[in-house]
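Scroll down for the structure; my scribbles are underneath it.
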Amino acid sequence: MTERWERAAAFARLVWDGWQQVVRAHRPGRPYGDFAPKRHKDMAWSDYVALGDPAYDAYDTQPCQVAFREWADG
10 MTERWERAAA FARLVWDGWQ QVVRAHRPGR PYGDFAPKRH KDMAWSDYVA
60 LGDPAYDAYD TQPCQVAFRE WADG
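At position 48 of the sequence shown (counting the first as 1) the number is 57 in this note's numbering, and the numbers step up by one without a gap.
Following this line, the structure appears as structure tokens:
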């Protein structure tokens, strides 16, 4: 294995271990599909797209995901 691959593997292990720490301490996150807006056939595309940002924000601010980003920043 080359040094580059060894560094990549070590980094992957570090991230995996960090993720495992976070998920043991927090409830599992819900999938994006639980937050995604429902589009009705008579809804304008622009109205549907406008619902996407709040849905993604709700998905992205789940405690598990916030904790993992904080771990990664630390």
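C-beta: ideal position from N, C-alpha, C; glycine also. Computed from a predicted structure; not experimentally measured.
Tell me the DSSP secondary structure of residue i in three-state form.
{"i": "Trp74", "result": "At residue 74 the sequence reads Gln, which differs from the Trp that was named. It is helical."}
{"i": "Arg33", "result": "helix"}
{"i": "Pro63", "result": "helix"}
{"i": "Ala88", "result": "The requested residue 88 is not part of the displayed model; the chain covers only 10 to 83."}
{"i": "Arg39", "result": "coil"}
On the premise that residue j lies in contact with residue i, defined as a C-beta separation below 8 Å, what is that separation, rounded to the nearest angstrom?
{"i": "Trp80", "j": "Gly27", "result": "5 Å"}
Contact between the segment 34 to 44 and the segment 62 to 70 (3+ Cβ pairs under 8 Å) = yes
Taking contact to mean at least 3 C-beta pairs separated by less than 8 Å, is the segment 75 to 82 in contact with the segment 16 to 23?
-> Segments in contact, no.
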